[in-house]
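Below is one structure, written out as structure tokens; the observations come after it.
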Amino acid sequence: MSLFSLLSVSESGMTAQRARAELLVENLANAETTRTPEGGPYRRKDAVFETAPADTPFSSVFESQLGQPQGVRVSQVVVDDSEPERRYMPGHPDADKDGYVAFPRTNPAEDMVDLMGASRGFEANVSAISAVKDMIQKSIDLLR
Amino acid sequence: MALPIAPINISAPVDIASSIAMPGGAQPSGDFRGVLEGAIQKVEETGNAATKAVEGFLSGDGQELHSAVLAVQRADLAFELGLQVRNKVVSAYQEIMRLQM
Amino acid sequence: MATGLHEPWCMLDPLANKLEHYMDLLSARQKLVASNIANADTPGYKTQDIDFQAEFLNATAGAPVNPVEVRGLAVRNDGNNVSIDREARLLSENALRFSIASNLMRDQIRSVKSAIEEGKSG
């Protein structure tokens, strides 16, 4: 089953990169959001990745030669708690008594680059699944 | 295209070996016997190995698919060969019996 | 006649064993590639691989394979050194080699089978 466990590893990669991409998209969409249900401007979110053993339905505890394959998961979502950016806009509906509006501290350029990275990472995991499927098929073909 | 299944019944290797043995319980002598017994033994060995390999794969014990498939192919070949050897031995034996008449 | 009949047992095995071992190593290597790809953005993660040559020469198939850390890769700020390019290349290479090995194996099996069947009509 070893090659099959590889599918779970790649799947975990896809899930993690997707979660990361979703957070990045949320950051980008809310780059100018001054009002949130929790109060205050939008705060950036980051996904933190960590290695995690890949769970496969058929694997036994004694995985063969290499030991448990290393998948990945999002261990936590870090919410940025730095001071929001304050801009002087007296006419703005969210302005405080001094005329300042609190804006999110985001970095859209960086988030765009990260989003491309997440997309590329996602694709790479998809390629891995495809390559492994080929190898499994080849193994089955040996019976012909 | 349907997956061709190896003709051997891997859950009963012992039956295969006995099916290769001489019909009617006739005993070949000398060289014939040695060769035939060698063939039967090989069939049993590879058959057992194949069963073990396939079970290992199915139980998720880390047995690779290609290894299990190869074990089945080896058992298949051993069986084929065993069958041919047995047929040869039988026909040679019958030939000899006819000569002695 | 007797001696000739023993040879087919050997016809498949020495080459098939080597090919099987080769395929085992390729699978193990591919597992590490997949882990590397999945962890391409994990802080602190270091790229893993196996020393293919060394493992292949160590002829006992089924012996446990040792993953090693790969040297010479650039480490980023978060401590991760995975190069997606390297892993993508290895992914294709391993799959291709596996394909070649399994084709060779299949041919080998077919030849032995025909050799056995040739003997039928003799």
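Chains as they are written, first to last, in this note's numbering: chain A, 1 to 144; chain B, 1001 to 1101; chain C, 2001 to 2122.
No residue lacks a Cβ here, since even glycine has one placed at the ideal position from N, Cα and C.
Short CB-CB distance (under 7 Å) between residue i and chain B
| i | result |
| --- | --- |
| I2116 of chain C | yes |
| V2065 of chain C | no |
| S2099 of chain C | no |
| S130 of chain A | no |
| S2111 of chain C | no |
| G2119 of chain C | yes |
Inter-residue Cα distance where the pair is residue i and residue j
| i | j | result |
| --- | --- | --- |
| F62 of chain A | D1061 of chain B | Legend: pLDDT at F62 of chain A = 47, less than 50; position of this residue unreliable, no value from coordinates given. |
| A1050 of chain B | A109 of chain A | 58 Å |
| K133 of chain A | A2095 of chain C | 9 Å |
| G2079 of chain C | A2040 of chain C | 11 Å |
| D2085 of chain C | E2055 of chain C | 24 Å |
| I2116 of chain C | K138 of chain A | 25 Å |
| I136 of chain A | V101 of chain A | 58 Å |
| P104 of chain A | N30 of chain A | 8 Å |
| R2071 of chain C | G40 of chain A | 47 Å |
| S2102 of chain C | T51 of chain A | 32 Å |
| D1076 of chain B | L6 of chain A | 29 Å |
| L2057 of chain C | E2093 of chain C | 20 Å |
| P69 of chain A | S2035 of chain C | 7 Å |
| R2110 of chain C | A1078 of chain B | 13 Å |
| A54 of chain A | D2024 of chain C | 20 Å |
| R35 of chain A | R18 of chain A | 26 Å |
| P84 of chain A | R44 of chain A | 10 Å |
| V1035 of chain B | L2026 of chain C | 38 Å |
| D141 of chain A | E2020 of chain C | 14 Å |
| V78 of chain A | R20 of chain A | 11 Å |
| D1031 of chain B | Q1041 of chain B | 15 Å |
| V1043 of chain B | I1096 of chain B | 27 Å |
| A1068 of chain B | A1053 of chain B | 5 Å |
| F4 of chain A | G71 of chain A | 13 Å |
| V2112 of chain C | F122 of chain A | 44 Å |
Any chain C beta carbon closer than 7 Å to residue i
| i | result |
| --- | --- |
| L1099 of chain B | no |
| V72 of chain A | yes |
| Q1073 of chain B | yes |
| E119 of chain A | Per the sequence shown, the amino acid found at residue 119 of chain A is Ser instead of Glu. Output row for S119 of chain A: interface = no. |
| L145 of chain A | There is no way to answer for residue 145 of chain A, as the model of chain A reaches only from 1 to 144. |
| E1064 of chain B | yes |
| K45 of chain A | no |
| L1058 of chain B | no |
| L142 of chain A | yes |
| M112 of chain A | no |
| F62 of chain A | In this predicted model, F62 of chain A has a pLDDT of only 47, less than 50, meaning its place in the structure is not dependable enough to derive any value. |
Inter-residue CB distance, residue i and residue j (contact presumed, cutoff 8 Å)
| i | j | result |
| --- | --- | --- |
| E1064 of chain B | S2 of chain A | 6 Å |
| V9 of chain A | A2038 of chain C | 5 Å |
| F49 of chain A | T2047 of chain C | About 15 Å separates the two Cβ atoms, so there is no contact after all. |
| L2104 of chain C | V2033 of chain C | That pair is no contact at about 22 Å. |
| A47 of chain A | L28 of chain A | Not really, about 14 Å apart at Cβ, beyond 8 Å. |
Any chain A beta carbon closer than 7 Å to residue i
| i | result |
| --- | --- |
| N2081 of chain C | no |
| A2034 of chain C | yes |
| V1188 of chain B | Nothing about residue 1188 of chain B can be read from this structure; chain B reaches only from 1001 to 1101. |
| D2041 of chain C | yes |
| L2091 of chain C | yes |
| K2031 of chain C | yes |
| R2106 of chain C | yes |
| A2095 of chain C | yes |
| A2016 of chain C | no |
Check: residue i C-beta below 6 Å from any heavy atom of the ligand NAD
| i | result |
| --- | --- |
| G1062 of chain B | The ligand NAD is not part of this structure, which contains no ligands at all. |
Neighbour flag for residue i against chain F, beta carbons, 7 Å
| i | result |
| --- | --- |
| E2020 of chain C | Absent from the structure: chain F. Protein chains present are A, B and C. |
Which ranges does the beta strand (DSSP E) cover as unbroken runs of at least 3 residues, wholly within the stretch 2009-2077 of chain C, from first to last along the chain?
2048-2050 and 2067-2069
Closer than 7 Å, Cβ to any Cβ of chain C: which residues of the stretch 66-100 of chain A, in chain order?
Here the close residues are L66, P69, Q70, G71 and V72.
Between the stretch 1079-1097 of chain B and chain A, which residues of the former have a C-beta closer than 8 Å to a C-beta of the latter?
none
At which residue ranges does the stretch 69-105 of chain A contain complete beta strand (DSSP E) runs of 3 or more residues, listed in the order of the chain?
70-79, 85-88 and 100-103
Ordered list of alpha helix (DSSP H) runs contained in the stretch 1045-1097 of chain B, each at least 4 residues:
none
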